[in-house]
Amino acid sequence: MSERSFDADPARLPELLAFLEDCAQAQRWPPAASLRVGLLAEELFLNSVLHGYAGARGRVRVVLLHQPGAIELTIEDQAPPFDPFAAAAPVSAGSDPRQRPVGRLGLALVQALCPERRYERIGTTNRISVRLPVSPG
Numbered sequence: 000m001s002e003r004s005f006d007a008d009p010a011r012l013p014e015l016l017a018f019l020e021d022c023a024q025a026q027r028w029p030p031a032a033s034l035r036v037g038l039l040a041e042e043l044f045l046n047s048v049l050h051g052y053a054g055a056r057g058r059v060r061v062v063l064l065h066q067p068g069a070i071e072l073t074i075e076d077q078a079p080p081f082d083p084f085a086a087a088a089p090v091s092a093g094s095d096p097r098q099r100p101v102g103r104l105g106l107a108l109v110q111a112l113c114p115e116r117r118y119e120r121i122g123t124t125n126r127i128s129v130r131l132p133v134s135p136g
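Per numbering that gives the first Met the number 0, the sequence shown starts with residue 0, numbered consecutively.
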């Protein structure tokens, strides 16, 4: 298991991506898995920072667990409660862009890449966990 906390600031994104790259190299993830984990972490981190904290100070904790056949990514924050998976279903990524409402495509990405995902509110903490299937490689 690897974990690290980051300031809730979009400028910390390069640090998060470097942390993920270090984990990918240490665990010898297949390149496709490394790319997908990066996309997921970026989406969930920025969602927490931009929408959860909405400019307020805070921290975002990122936990990675590499298991046989999967990588589990967990993002935790102390922003106001919000379950992104309980909200209305996201717009299909293949729909006509002119007909799409603004937003929610990040959630469509998370749902497409991770059939297993969950949200929990534990005390004052939002916890989003996603499990990304990984082929050996």
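Just so you know, even glycine gets a beta-carbon here, dropped at the ideal spot from N, CA and C.
Keep in mind that this is a model prediction, so the values were computed, not measured.
Quiz item: Which one of Pro-83, Arg-120, Ile-121, Arg-126 has the shortest CA to CA distance from Leu-108?
Solution: As a position in the sequence shown, residue 108 is number 109, starting the count at 1. Answer by Cα proximity: Pro-83.
Practice problem: Have a look at Arg-126, His-65, Leu-49 and flag the residue whose alpha-carbon is nearest the alpha-carbon of Ala-10. | Solution: In the sequence shown, the residue the question calls residue 10 occupies position 11. Minimum Cα distance to Ala-10 is reached at Leu-49.
Self-check item: Asp-21 in three-state terms, based on DSSP
Solution: Sequence index remark: in the sequence shown, residue 21 carries index 22 (1-based). DSSP places Asp-21 in helix when its eight states are reduced to three.
Practice problem: Compute the Euclidean distance between the alpha carbons of Val-101 and Ala-111, then round it to the nearest angstrom. | Solution: One-based indexing of the sequence shown puts residue 101 at position 102. One-based indexing of the sequence shown puts residue 111 at position 112. The predicted position of Val-101 is uncertain, since its pLDDT is 49 and thus under 50; a value taken from the coordinates is nonetheless stated next. So the two alpha carbons sit approximately 18 Å from each other.
Quiz item: How is Gln-66 classed by DSSP in three states: helix, strand or coil?
Solution: On the sequence shown, residue 66 is found 67 positions in, with the first residue counted as 1. Three-state result, Gln-66: strand.
Quiz item: In three-state terms, what does DSSP make of Pro-83?
Solution: Numbered from its first residue, the sequence shown carries residue 83 at position 84. Here Pro-83 sits in coil by DSSP.
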